[in-house]
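Shown next, in the form of structure tokens:
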């Protein structure tokens, strides 16, 4: 019969926990802040949207405030710029980045980019179908849109691409330019969707939260940053080499 002494086992268990936290605290923190909190925010928004299709009081207030700034020039700018955050625009940008990774044989990074962007698009379609939130109709829209609104595909796609690029360039000389330029891109795309009146602010926020959680979650599985220190063709690597790289 095994003599199990809880008092004697407790110190060993505590030492084990301490070692795990010391070795993986960054990953655990990233999981909590980068995945847990965004998912919690998305869930909070989704529950309200699902139960009350009207959404939030601040949705209409923000849209109407933005609409007061409308001018013919801004109309044309918004209609043009918003295309870069749509399916074709994001696909073109992703293809450009993917070709760079392909030429440099960064297979792990390329896999991460493809899975993250394609998965984001599929998740967005599923969420829109499941929550079936109608688009706002507060004024005559310049570009009437069909389909559901929550979460915003433009917001989710642009944020997914930017987060993926931040992760891929983290720790390099490109990281800050990507962070600053990417932030401006994401905010600009969000503004165009609100200015055109095709999304509520909560649609935008939900798209951002889903994109952040998804992009970071996939990165914790694939570890795309390993490609920077190991540019070996991973297709030809042995199972032993791949296990050591992880």
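Residue numbers (the working numbering): -9 to 236.
Ideal placement from N, C-alpha and C gives every residue a C-beta, glycine not left out.
In this text the structure is predicted, and so the values were computed from the model without any measurement.
Comparing C-alpha positions only, which one of 205, 187, 179 sits nearest to residue 72?
Counted from its first residue, the chain shown places residue 72 at position 82. Comparing Cα positions, the closest option is 179.
Quick check on the burial criterion: 16 or more other C-beta atoms within 10 angstroms. Buried or exposed for residue 208?
For the purposes of this step, residue 208 is taken as the residue at position 218 of the chain shown. That one is buried.
Buried versus exposed call for residue 161 [16 or more other C-beta atoms within 10 Å across all chains shown]:
Indexing the chain shown from 1 puts residue 161 at position 171. When all chains shown are included, residue 161 counts as exposed.
Smallest Cα separation from residue 102: which of 41, 192, 150?
Against the chain shown, residue 102 aligns to sequence position 112. Nearest Cα to residue 102 within the set 41, 192, 150: 150.
Three-state secondary structure (DSSP) at residue 258?
The question about residue 258 has no answer here: the residues shown for the chain are numbered -9 through 236.
Consult DSSP for residue 61 and reduce its assignment to one of helix, strand or coil.
Here residue 61 refers to the residue found at position 71 when the chain shown is read from its first residue. Coil at residue 61, not helix or strand.
Taking the C-alpha atoms as reference points, what is the distance between residue 66 and residue 210?
Position 76 of the chain shown holds residue 66. Position 220 of the chain shown holds residue 210. One C-alpha to the other measures close to 40 Å.
Helix or strand or just coil, what does DSSP make of residue 137?
Against the chain shown, residue 137 aligns to sequence position 147. Residue 137: coil per DSSP, three-state reduction.
In or out: residue 201 buried (at least 16 other Cβ within 10 Å) or exposed?
For the purposes of this step, residue 201 is identified with residue 211 of the chain shown, where counting begins at 1. When all chains shown are included, residue 201 counts as buried.
Counting only beta-carbon atoms, is residue 77 nearer than 7 Å to chain C?
Note that chain C does not occur in the displayed structure, where there is just one protein chain.
Terminal residues of the alpha helix (DSSP H) in which residue 192 lies
Within the chain shown, numbered from 1, the residue matching residue 192 stands at position 202. That run of the alpha helix (DSSP H) goes 191 to 212.
Do residue 175 and residue 126 count as a contact pair if the criterion is CB distance below 7 Å?
Looking up residue 126 in the chain shown gives position 136. Looking up residue 175 in the chain shown gives position 185. Contact flag unset, no.
With a Cβ-Cβ cutoff of 7 Å, do residue 107 and residue 85 count as a contact?
To locate residue 107, count along the chain shown from 1; it is residue 117. To locate residue 85, count along the chain shown from 1; it is residue 95. Contact flag unset, no.
Minimum C-alpha distance to residue 132 - residue among 21, 98, 41, 60
Working through the chain shown from its first residue, we reach residue 132 at position 142. Checked all of 21, 98, 41, 60; the closest Cα to residue 132 is 60.
The alpha helix (DSSP H) enclosing residue 142, as first and last residue numbers:
Stepping through the chain shown from its first residue, residue 142 is reached at position 152. Careful: residue 142 lies outside any alpha helix (DSSP H) and carries neither H nor E.
Local Cβ density within 10 Å of residue 147, reported as buried at 16 or more and exposed below that
Residue mapping note: residue 147 aligns to position 157 of the chain shown, counting from 1. Around the beta-carbon of residue 147, 16 or more other beta-carbon atoms lie within 10 Å, marking it buried.
Can you tell me where the alpha helix (DSSP H) holding residue 176 begins and where it ends?
Here the question's residue 176 lines up with position 186 in the chain shown. First-last of the alpha helix (DSSP H) with residue 176: 165 to 185.
Are the CB atoms of residue 203 and residue 141 nearer to each other than 7 Å?
The count along the chain shown starts at 1 and reaches residue 203 at position 213. The count along the chain shown starts at 1 and reaches residue 141 at position 151. No.
Apart from the five residues just before and just after residue 233, which ones in its own chain have a Cβ nearer than 7 Å to its Cβ?
Along the chain shown, one-based indexing puts residue 233 at 243. Below a pLDDT of 50, predicted positions are generally treated as unreliable, and residue 233, at 44, falls in that range; the measurement from the model is reported next regardless. Setting aside the 5 residues that flank it on each side, residue 233 has no residue in the same chain whose C-beta is closer than 7 Å to its C-beta.
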